[in-house]
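Since the structure comes first, as structure tokens, the remarks are kept for the end.
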Amino acid sequence: MSRRTTLRAFGAGLAALALTASACGGDKGATVQGVKLIEKGALTSCTHLPYPPFQSEDKKSGKVVGFDVELIDLVAKRLGVTQKIVDTPFETMKTGSALNAGKCDIQMGGMTIKPDRVKFMDVSTPYFDATQSLMAKKGSGITTLDDVKAKKLKLGSQASTTGEDFVKGKGFDPRSFDNSNAELDGLRTGQVDVIVQDDPVVKGWLKDPANAGFEIAANLNTGEQYGFWMRKGHNPELVKMTDQVIAQAKSDGSYKRIYEKWIGPMPPSAGGGS
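Written out as structure tokens, the structure is:
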């Protein structure tokens, strides 16, 4: 074999090796306790900011904090790594494309467990029971969605959320906002008269004195439950570990501690140790 032929063969071998390394994540990824991680030393989570009290950026520290963040921190701790948070459009989360593209190992963000999402992603056991609320100015006289329709009020929602889907299913055509902050600003500035949003998010907003002129006008019991999401069929050990961590947190009292820190008094139906 000539030197040129040998070099060609050697080069082809290196190219094949590089492709193999790329397919396996190369030196960047790792497998810990059977869990595949896209980055060594980190459990990478996707979310769409801001979404308090589940995840939002702390104004003082600049860190992302919240209910979901602390629960995923428990999973990372079990793995012996730290959590790395990636802000990504919600649309790429609900379709599973962020996971499939290798942007993250797990998704958080108050994502409701729905049959259409389960087709494209694996999901943990439910970790939170959720309802929707209508938020409006105090004294609006609204107690139901029918009131919103009868009074011909402008309704706002957050794009691609179950709250938006719910009101659309009731015949509304709400003004859609890109994120929860934009939705709240829409209400504050009079772009809309009432908004629909997850109840814990609304309760968090109402703790802010700047929102003292607003109230929860109505509760919409939609029977929703949140889950953490992972790439379909790709990481069964991560799904298993996440379920174990949720169960452990509820039995040892850490779930209750996190719940009361970010949400408020925990109802008995939420489960968890004392």
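Throughout the sequence shown, residue numbering follows mature numbering (1 follows the signal peptide of the UniProt record, and there is no 0), covering -23 to -1, 1 to 251 in sequence. Glycine included, C-beta positions come from ideal geometry on N, C-alpha and C.
**Item:** As assigned by DSSP and simplified to three states, the class of valine 58
**Value:** coil
**Request:** Compare the beta carbon distance of proline 151 and serine 137 with 8 Å and say whether it is the shorter of the two.
**Result:** no
**Item:** CA-to-CA distance, proline 186 to threonine 219, given in whole angstroms
**Value:** 36 Å
**Message:** According to DSSP, is aspartate 175 part of a helix, a strand, or is it coil?
**Reply:** strand
**Secondary structure of glutamine 10, DSSP reduced to three states** = coil
**Request:** Grab me the residues of phenylalanine 149's own chain with a C-beta within less than 6 Å of its C-beta, minus the 5 sequence neighbours each way, in chain order.
**Result:** Leu132
**Asked** Is the CB-CB distance between arginine 55 and valine 222 below 8 Å?
**Response** yes
**Request:** Report the rounded CA-to-CA distance for phenylalanine 31 versus alanine 127, giving the unit in angstroms.
**Result:** 33 Å
**Asked** What's the C-alpha gap between leucine 111 and glycine 118?
**Response** 12 Å
**Message:** Rounded to whole angstroms, what is the Cα-Cα separation between glycine 230 and glutamate 237?
**Reply:** 11 Å
**Request:** With alanine 159 as the anchor, note down where its alpha helix (DSSP H) starts and where it stops.
**Result:** 157 to 165
**Item:** 6 Å CB neighbourhood of glutamate 214 in its chain, flanking five on each side removed
**Value:** Gly11 and Val12
**Message:** Given this structure, state the Cα-to-Cα distance separating isoleucine 172 from serine 33, to the nearest angstrom.
**Reply:** 20 Å
**Message:** Judging by CA-CA distance, which residue of Asp64, Lys91, Gln60 and Ala159 is the nearest neighbour of lysine 17?
**Reply:** Gln60
**Prompt:** Do you know offhand how far valine 144's Cα is from glycine 210's?
**Reply:** 33 Å
**Request:** Given a cut-off of 8 Å, decide if glutamine 174 and serine 157 are closer than it, judged by their beta-carbon atoms.
**Result:** yes
**Prompt:** So, helix, strand or coil for alanine 136, using DSSP?
**Reply:** coil
**Message:** Could you tell me the alpha carbon to alpha carbon distance between arginine 234 and valine 42, rounded to whole angstroms?
**Reply:** 15 Å
**Item:** Backbone CA spacing between tyrosine 232 and valine 179 [nearest angstrom]
**Value:** 21 Å
**Message:** Give me, in chain order, the residues of the same chain whose beta-carbon lies closer than 7 Å to that of valine 52; leave out the 5 immediate sequence neighbours on both sides.
**Reply:** Leu20, Met218, Thr219 and Val222
**Item:** Classification of threonine 89 by the beta-carbon crowding that lies within 10 angstroms, buried from 16 upward
**Value:** buried
**Same chain, Cβ closer than 8 Å to threonine 72, five either side skipped, listed in chain order** = Phe97
**Request:** State the DSSP-derived secondary structure class of alanine 226, mapped to helix, strand or coil.
**Result:** helix
**Message:** Taking only three categories from DSSP, how would you classify cysteine 1?
**Reply:** In this prediction, cysteine 1 has a pLDDT of 40, which is less than 50 and means its spatial position is unreliable; what the coordinates show is noted afterwards. Residue state, collapsed to three classes: coil.
**Prompt:** How far does the beta strand (DSSP E) with serine 22 in it reach, from first residue to last?
**Reply:** 19 to 24
**Request:** Kindly identify the DSSP beta-bridge partner or partners of aspartate 99.
**Result:** Met207
**Request:** Take the Cβ of threonine 24 as the centre, count every other Cβ of all protein chains shown within 10 Å, and call the residue buried at 16 or more, exposed below.
**Result:** buried
**Helix, strand or coil at lysine 114 according to DSSP, with G and I counted as helix** = strand
**Message:** Once DSSP output is grouped into helix, strand and coil, what is the label at alanine 78?
**Reply:** coil
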